[in-house]
Structure formats: structure tokens, C-alpha cells
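Let me begin by presenting the structure, written as C-alpha cells, before commenting on it.
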Amino acid sequence: MTLKEQIAKAQAAINERKKKMAALMTKAATETGATPEGETETEIQGLETELKNLELNLSRLQNLEKSQAQWGETTTPVAGDTPEQGAGSTQGQNVIVESNLEKGIGFALMAKALTVAAHSKGGVTASEVLESWNAPDVVKNALRQKALIGSTTNVDFGAALVDYQNLTSEFIELVRKKTAVDELASKMRQVPFNIKMPKQNSAVSVGWVGETKRKPTTNPTFGSVTLSKSKVAGIVLLSEELVRWSNPKADRLVRDDFVESTAQFIDADFFDPTKTETDESPASVLNGVTAIPSSGNTPAQIEADLVALMESVTNAGGTLAGATWVMSETRAAKLSTLRDALGKKYFEEMNITGSRYLYTLPVLVSSGCDDKIVLVLPNQIMIADDEFMDFAVSTEASINLGTDADPQWVNLFEQNLMAIRAERFIRWKKRQDFAAGYIQYS
8 MTLKEQIAKA
18 QAAINERKKK
28 MAALMTKAAT
38 ETGATPEGET
48 ETEIQGLETE
58 LKNLELNLSR
68 LQNLEKSQAQ
78 WGETTTPVAG
88 DTPEQGAGST
98 QGQNVIVESN
108 LEKGIGFALM
118 AKALTVAAHS
128 KGGVTASEVL
138 ESWNAPDVVK
148 NALRQKALIG
158 STTNVDFGAA
168 LVDYQNLTSE
178 FIELVRKKTA
188 VDELASKMRQ
198 VPFNIKMPKQ
208 NSAVSVGWVG
218 ETKRKPTTNP
228 TFGSVTLSKS
238 KVAGIVLLSE
248 ELVRWSNPKA
258 DRLVRDDFVE
268 STAQFIDADF
278 FDPTKTETDE
288 SPASVLNGVT
298 AIPSSGNTPA
308 QIEADLVALM
318 ESVTNAGGTL
328 AGATWVMSET
338 RAAKLSTLRD
348 ALGKKYFEEM
358 NITGSRYLYT
368 LPVLVSSGCD
378 DKIVLVLPNQ
388 IMIADDEFMD
398 FAVSTEASIN
408 LGTDADPQWV
418 NLFEQNLMAI
428 RAERFIRWKK
438 RQDFAAGYIQ
448 YS
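Under our numbering, read the sequence shown as residues 8 to 449, first letter to last.
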């Protein structure tokens with residue numbers, strides 16, 4: 008039975024009981040000329056109780072219908088139009104609601120509610136904001152669970168964060184579809200944070216050996232490596248007007264801004280040769296790698312540079328098995344259009360509409376490779392990922408939109424802006440120096 012049918016049935020049951028009460032009242036007045044007494048009074052009181060429960064159930068169903076229209080939820084009411092089956096049931100469970108929010112929207116709603124609450128300076132709580140927006144229960148629960156983070160040492164603490172972790176996992180899933188790092192991560196060596204792992208620093212010697220001849224012997228050296236916890240943090244600035252809107256279009260804008268800024272930041276650091284390792288952050292996989300300067304933009308020159316890049320990796324001891332090219336969307340499109348003197352496509356496997364390949368190796372696109380083509384050996388990279396996202400809000404800070412050398416400060420209070428900072432725990436480290444190489448374009 009649909010939600011509208013349940014509402015209609017509940018309304019019909021209410022009307023039926025009202026008519027029955029009116030008939031009993033009329034009968035009592037006609038027969039005795041006074042108020043109902045005895046069995047008639049008892050029957051009327053029973054009908055009043057049923058009416059109260061049915062009207063409560065109808066109100067809840069109507070609220071769910073409104074919520075369904077706003078958030079796109081799928082609702083399945085519990086069957087029944089009697090007090091025992093409806094609002095008066097001993098369990099108090101009237102409907103089963105399964106949220107059908109688009110992925111990432113719940114995360115955006117939490118962030119928006121917190122920014123509105125922060126801007127009110129104690130005038131309203133984030134929970135009250137979500138209530139006023141008639142947000143789904145899963146979002147309300149997640150907001151309450153967020154407040155528990157860092158507040159307990161209970162061994163069962165993780166189980167208490169199930170809704171919050173689900174919403175942040177949805178956000179991480181969206182980010183993964185946008186970053187080359189996450190697409191490569193499935194081929195990288197997955198490791199935990201803060202665990203010391205052995206690392207072999209030299210290879211074992213092997214060779215052909217004749218009968219009774221001496222076998223090659225080596226004493227390989229070993230070291231260790233630890234991926235300490237580090238977090239990627241990005242800040243999104245949103246206007247106060249946008250944050251206060253509670254319609255789905257505004258929520259998608261907030262979500263998409265989060266996803267884009269986080270994805271761009273991760274890829275930018277992963278492929279920035281100047282990014283060195285610190286206690287707080289990993290080095291780029293290209294840090295310390297000697298670039299191959301581009302020799303030109305003709306098909307023959309590009310081909311020569313690509314061959315030189317592959318040779319630089321294999322000559323250093325790497326293998327192209329599992330290797331992947333990474334470049335910008337624009338450069339990939341240009342390569343797909345290059346033709347030789349006879350009009351034949353020079354790089355036929357670079358198909359814009361389908362999967363791209365270059366010299367039989369897959370191609371990924373990333374905004375972090377605007378001025379380079381990168382060749383990555385994912386199996387030579389370790390990655391630790393908490394698969395967890397957290398965020399904080401501010402309405403009065405000053406944000407530097409420029410660089411340390413050329414700061415461009417923006418005052419949030421003056422410009423009616425709100426800042427939302429998203430943080431994701433992730434760290435990577437090369438196992439070998441030949442894990443990546445690149446062609447540098449000017």
C-alpha cells in the first residue's frame with residue numbers, strides 16, 4: 008500500500024469514528040435529554056481514545072509524505088488503521104523509513120547545519136537546524152555521533168559511529184571517482200598507519216650455474232618504513248545565503264564543492280615534484296625524480312619522449328607490468344587527435360569516449376598533471392587510508408586564498424562567507440625510487 012493510500016485510509020477511519028460519536032451523542036440527547044451515561048459514555052470515551060491515536064498517526068504519515076517530496080526518501084508505512092495497528096501500538100513504531108539521499112548529500116547537510124549553528128552564535132543548535140529542515144534520521148543521528156568523536160575511550164566506540172561513518176564513507180567514495188590517486192590505490196600495496204614494515208634495500212643476485220659450479224651469493228640489506236598518520240585538509244568557502252538554503256540543489260552544490268576541492272588537493276600533492284615529506288604529510292611520488300624535458304609537440308617528438316620515460320623506469324630496475332600513464336584531460340584529448348602525414352591517428356588507443364591506452368598501458372586523467380605526463384608503477388607505492396572524513400566550520404576566520412609568498416586574505420565576517428574544512432586521513436610512500444617518472448612541459 009502506498010503512502011497516499013495509507014493517509015486516505017487513516018482519514019477515512021477518523022471520519023468513521025467521528026460519525027459514530029456524533030450518532031451516539033445525538034441518541035443520548037434524544038432519549039434522555041442529557042449527557043451520555045453508562046455504556047454509551049464508555050463507548051464514546053473509547054472512540055475518543057481511538058481518534059486521538061488515529062489523528063497522531065495521520066499527522067506522522069503526512070509529515071513523512073512531506074519529507075519524501077523534499078528528500079526523495081522511500082517510505083514503507085506499517086499496515087493498519089486501528090489504534091493497535093497504528094500510533095497506539097505498544098512498540099510505537101509506525102513506519103519503516105529507508106533514506107534514499109544521493110551519495111554525499113547527507114554529509115553536505117551536516118556541514119550546512121553546523122555552519123548555520125556557528126553563525127547563530129548559540130542562538131540555534133545544528134540538531135535544531137536539521138529538525139527545521141525535516142532532514143532524514145540518518146543525518147540527525149550522524150550529527151549526534153560526530154559530537155562523540157574523541158570524547159570516549161570505550162572499546163565499542165566505533166560501533167556508535169555507524170551513521171557518521173556511513174555518510175563520510177559515501178563522501179570518500181565520491182572523491183575516489185575524481186582522483187587519479189584513488190584509482191591507482193587498488194594496485195598499490197595497502198598498509199596500516201603507524202606500523203613498522205620491513206623494506207629490502209638491495210636485490211638478490213641469481214644466474215645460470217653449471218654443474219658443480221659456484222652459485223651466486225648475496226647478502227641483501229633490509230630496512231624498515233613506517234607510514235605515520237597524516238591528513239589531507241581542504242577549505243571550501245560558501246556564501247551565507249547558499250548555506251541557509253535547505254533545498255536539494257543547494258545541497259548538491261555544497262557536496263560538489265567539497266568533492267572537487269578535496270580531489271584536486273590530493274592529486275596536486277601526489278604529482279607535485281616539489282612536495283617533500285614532513286611529519287604531517289607525505290612527499291610526492293615525483294619528489295627527487297629527474298624529469299625528462301619535453302623535446303616538442305610533434306607526434307614524433309612526443310613518441311620519443313614517451314619511449315625515453317619508459318626506458319628511464321625499466322633501466323632503473325622497474326617493470327612496466329601494471330604501470331599507468333597519468334596526464335591532464337586536455338593533453339589526453341590532444342594526443343587522441345594527432346595524425347600522421349596520411350591522416351591516420353598517431354596514438355590510436357587514446358579514445359576519448361572509452362578506455363584510453365598508450366603503448367598498451369592504461370591512461371588516467373588528473374588535474375594534478377596539467378604540465379606533465381607521468382608514468383606510475385602503483386605496485387611500488389605503499390598507501391594507508393583511514394577511509395574516514397571529518398570536517399569543521401568557521402564563520403569569523405581570515406582565509407589566505409593565495410600563497411605564502413603572495414597572500415590574499417579574505418575576511419569571512421566582512422563578506423558573509425562560511426568556511427568548511429574537510430579532512431581525510433591518507434598517506435603514501437614509494438617503495439623504490441623508480442616508482443614513478445615524468446615528462447615536464449613548460
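A virtual CB, placed ideally from N, CA and C, is assigned to each residue, including glycine.
Tell me whether residue i is buried or exposed, calling it buried when 16 or more other Cβ atoms sit within 10 Å of its Cβ.
i: Trp493; result: Not covered by the structure: residue 493. The range shown for the chain is 8 to 449.
i: Gln52; result: exposed
i: Gly444; result: buried
i: Lys25; result: exposed
i: Leu313; result: buried
i: Leu365; result: buried
i: Arg346; result: exposed
i: Arg262; result: buried
i: Ala115; result: buried
i: Thr175; result: buried
i: Glu12; result: exposed
i: Val266; result: buried
i: Trp140; result: buried
i: Lys220; result: exposed
i: Lys128; result: exposed
i: Lys59; result: exposed
With a cut-off of 8 Å on the beta carbons, I'd call residue i and residue j a contact; round off their distance for me.
i: Asp170; j: Val145; result: 5 Å
i: Leu61; j: Ala20; result: 6 Å
i: Leu65; j: Ile14; result: 7 Å
i: Asn294; j: Thr283; result: 6 Å
i: Ile380; j: Arg338; result: 7 Å
i: Ala426; j: Leu244; result: 6 Å
Does the beta-carbon of residue i, which I'm using as the reference point, lie nearer than 8 Å to any heavy atom of the ligand NAD?
i: Trp332; result: The model on display carries no ligand, and the ligand NAD is accordingly not part of it.
Candidates the options: which alpha carbon is nearest residue i's?
i: Gln172; options: Ala187, Arg151, Lys185, Val188; result: Arg151
i: Pro414; options: Glu421, Ser405, Gln422, Phe420; result: Ser405
i: Thr47; options: Asn148, Lys27, Ser301; result: Lys27
i: Leu121; options: Phe114, Val400, Ala17, Ala307; result: Val400
i: Ala29; options: Leu54, Gln18, Lys16, Gln422; result: Leu54
i: Leu424; options: Leu116, His126, Ala115; result: His126
i: Glu336; options: Gly350, Asn358, Leu419, Gly324; result: Asn358
i: Ser343; options: Leu316, Arg259, Glu310, Glu318; result: Glu310
i: Gly45; options: Thr56, Leu31, Glu57; result: Leu31
i: Ser302; options: Leu316, Val296, Asn294, Gly295; result: Leu316
i: Gly418; options: Glu403, Asp411, Asp286, Ser139; result: A quick correction: the sequence has Asn, not Gly, at residue 418. Comparing Cα positions, the closest option is Glu403.
i: Thr297; options: Val131, Ile446, Glu50, Arg438; result: Ile446
i: Glu421; options: Arg428, Ser246, Gln439; result: Ser246
i: Glu318; options: Phe432, Leu382, Thr219, Arg438; result: Leu382
i: Glu287; options: Ser139, Glu23, Arg431; result: Arg431
i: Met117; options: Lys128, Gly129, Glu138, Gly130; result: Glu138
i: Arg363; options: Thr219, Pro199, Lys341; result: Lys341
i: Arg428; options: Thr219, Ser268, Asn322, Ala412; result: Ser268
i: Arg259; options: Glu218, Leu349, Lys119; result: Lys119
i: Val320; options: Gln439, Asn407, Ala412, Leu349; result: Gln439
Given residue i, which residues of its chain have a CB within under 6 Å of its CB, disregarding the five upstream and five downstream residues?
i: Ala187; result: Asp274, Val333, Leu371, Ser373
i: Gly325; result: Leu384, Phe441
i: Lys378; result: Sequence inspection shows Asp at residue 378; the Lys mentioned does not correspond to that position. Closer than 6 Å at the Cβ level, and outside the excluded window around Asp378, lie Tyr448.
i: Ala323; result: Phe441
i: Lys153; result: Tyr171
Within the same chain, show all residues whose beta-carbon is closer than 7 Å to that of residue i, passing over the 5 residues directly before and after it, in chain order.
i: Leu368; result: Leu327, Ala330, Thr331, Trp332
i: Cys376; result: Phe278, Val333, Met334, Ser335
i: Gln458; result: As shown, the chain starts at 8 and ends at 449. That puts residue 458 outside it, with no answer to give.
i: Lys437; result: Val292, Gln387, Ile388
i: Asn407; result: Pro414, Gln415, Trp416
i: Asn148; result: Asp170
i: Phe164; result: Annotation note: pLDDT 45 at Phe164 (below 50); position unreliable, no value reported.
i: Glu50; result: Leu31
Tell me which same chain residues have a C-beta within less than 8 Å of the C-beta of residue i, skipping the five on either side of it?
i: Trp435; result: Val188, Met195, Leu234, Phe277, Pro289, Val292, Ile388, Met389, Ile390, Ala391
i: Thr281; result: Ser291, Asn294
i: Ala133; result: Met117, Ala120, Leu121, Val123, Ala124, Leu150
Three-pair Cβ contact test at 8 Å for the region 185–200 versus the region 381–395: Cβ pair count under 8 Å is three or more, so yes.
With three or more beta-carbon pairs closer than 8 Å as the criterion, would you say the region 350–366 touches the region 302–318? By the C-beta criterion, the region 350–366 is judged to be in contact with the region 302–318, since at least 3 inter-stretch pairs fall below 8 Å.
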